[in-house]
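Notes to accompany the following structure.
In my numbering, the protein residues as written are 479 to 781.
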């Protein structure tokens, strides 16, 4: 009889962070020590043959989010099947096992956390939490919080960062329990972020703003901001930024006496040929032809 393959970790493309023991000890001394704090966090993409058995349970609470594929959790003497957009929380110290379905292996985001239970863990435990009927924004905003936690941990374990992550984790769990309230607030936050992004872009049309600079001003990682912006605007941040720069170029070509080379430099294109190619690609004609067709002399503007 062929022995079934099982793998606990080491999947292609996986990401994981395990906080060092001294950092975990330090977290207990932070102002947010009575809140929950993360010990491990990660992502396993298409985790074929994934299997974990813990007859004595785990020292930490475990939250699993199945983003794609299928898997299962055996806990409290029953097996629950998880599909895409489903969470499951296993409290610390409770025997369990979980794994992916061989024919359609899951991709999972997961985290281990500890701390004093304020009732939130108990209210979420032992039942699948589905985001299937909450719309794409709810799913996305929950993952945004996860990525925010992960990205902050990548930058180190400063006390302020750990404090922030502790509160973000609490907010993350609350977003699962109170999905309707969270989604209502997230819609407003998303709109505010987009408006702020576009305002910064417009303030920097005459400077070659980079994605990293924009991300720093917003307070998000580049990957997080790109994902959020693209979903909301159907365009990456830099594609959108370059488009409105070229729209400004149209205004200069139509209403100013600047030479085309001067307009290119003014908008951060230090190679006039690159500017001409970009303009032609976006507008369908060259800057020279655009000016010939649409230029309005200054004396006509003032009439």
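Every residue gets a Cβ at the ideal spot worked out from N, C-alpha and C, and that includes glycine.
Classification of residue i by the beta-carbon crowding that lies within 10 angstroms, buried from 16 upward
{"i": "residue 690", "result": "exposed"}
{"i": "residue 516", "result": "buried"}
{"i": "residue 541", "result": "buried"}
{"i": "residue 586", "result": "buried"}
{"i": "residue 703", "result": "buried"}
{"i": "residue 756", "result": "buried"}
{"i": "residue 666", "result": "Bear in mind that the predicted position of residue 666 carries a pLDDT of just 48, short of 50, making it unreliable; the figure below should be weighed with that in mind. Flag for residue 666 reads exposed."}
{"i": "residue 633", "result": "exposed"}
{"i": "residue 505", "result": "buried"}
{"i": "residue 484", "result": "exposed"}
{"i": "residue 727", "result": "buried"}
{"i": "residue 488", "result": "exposed"}
{"i": "residue 627", "result": "buried"}
{"i": "residue 581", "result": "exposed"}
{"i": "residue 519", "result": "buried"}
{"i": "residue 783", "result": "Here the chain covers residues 479 to 781 and nothing more, so residue 783 does not appear."}
{"i": "residue 722", "result": "exposed"}
{"i": "residue 491", "result": "exposed"}
{"i": "residue 644", "result": "buried"}
{"i": "residue 569", "result": "buried"}
{"i": "residue 748", "result": "exposed"}
{"i": "residue 499", "result": "exposed"}
{"i": "residue 773", "result": "exposed"}
Opposing strand residues paired with residue i [DSSP bridges]
{"i": "residue 445", "result": "The displayed coordinates of the chain run from 479 to 781. Any statement about residue 445 would go beyond what the structure contains."}
{"i": "residue 608", "result": "564"}
{"i": "residue 584", "result": "DSSP, once it has assigned bridges, lists no residue as partnering residue 584."}
{"i": "residue 769", "result": "Partner(s): none; residue 769 has no beta bridge."}
{"i": "residue 556", "result": "553"}
{"i": "residue 650", "result": "Beta-bridge pairing links residue 650 to no other residue."}
{"i": "residue 591", "result": "516 and 539"}
{"i": "residue 485", "result": "528"}
{"i": "residue 625", "result": "Bridge partners of residue 625: none, in fact."}
{"i": "residue 576", "result": "530 and 551"}
{"i": "residue 675", "result": "According to DSSP, residue 675 bridges with nothing at all."}
Distance CB(residue i)-CB(residue j) smaller than 8 angstroms
{"i": "residue 538", "j": "residue 590", "result": "yes"}
{"i": "residue 578", "j": "residue 549", "result": "yes"}
{"i": "residue 528", "j": "residue 521", "result": "no"}
{"i": "residue 708", "j": "residue 714", "result": "yes"}
{"i": "residue 536", "j": "residue 564", "result": "no"}
{"i": "residue 653", "j": "residue 620", "result": "yes"}
{"i": "residue 525", "j": "residue 583", "result": "yes"}
{"i": "residue 530", "j": "residue 561", "result": "no"}
{"i": "residue 738", "j": "residue 765", "result": "yes"}
{"i": "residue 655", "j": "residue 567", "result": "no"}
{"i": "residue 675", "j": "residue 692", "result": "yes"}
{"i": "residue 573", "j": "residue 533", "result": "yes"}
{"i": "residue 638", "j": "residue 604", "result": "no"}
{"i": "residue 672", "j": "residue 710", "result": "yes"}
{"i": "residue 718", "j": "residue 501", "result": "no"}
{"i": "residue 744", "j": "residue 751", "result": "no"}
For residue j and residue i, believed in contact at Cβ under 8 angstroms, the rounded distance
{"i": "residue 768", "j": "residue 731", "result": "5 angstroms"}
{"i": "residue 695", "j": "residue 678", "result": "6 angstroms"}
{"i": "residue 514", "j": "residue 593", "result": "4 angstroms"}
{"i": "residue 785", "j": "residue 680", "result": "Only positions 479 to 781 of the chain appear in this structure, which leaves residue 785 out of reach."}
{"i": "residue 741", "j": "residue 631", "result": "Contact flag wrong, Cβ pair sits at about 45 angstroms."}
8 angstroms Cβ cutoff, residue i in contact with chain D
{"i": "residue 642", "result": "Here there is only one protein chain, and chain D is not present."}
For this session: Go through the region 689-747 residue by residue and report every complete run of the alpha helix (DSSP H) that reaches 4 residues or more, in order.
Result: When DSSP assignments are scanned along the region 689-747, the uninterrupted stretches of alpha helix (DSSP H) that are 4 or more residues long and fall wholly within it turn out to be 689-696, 700-711, 715-733 and 738-744.
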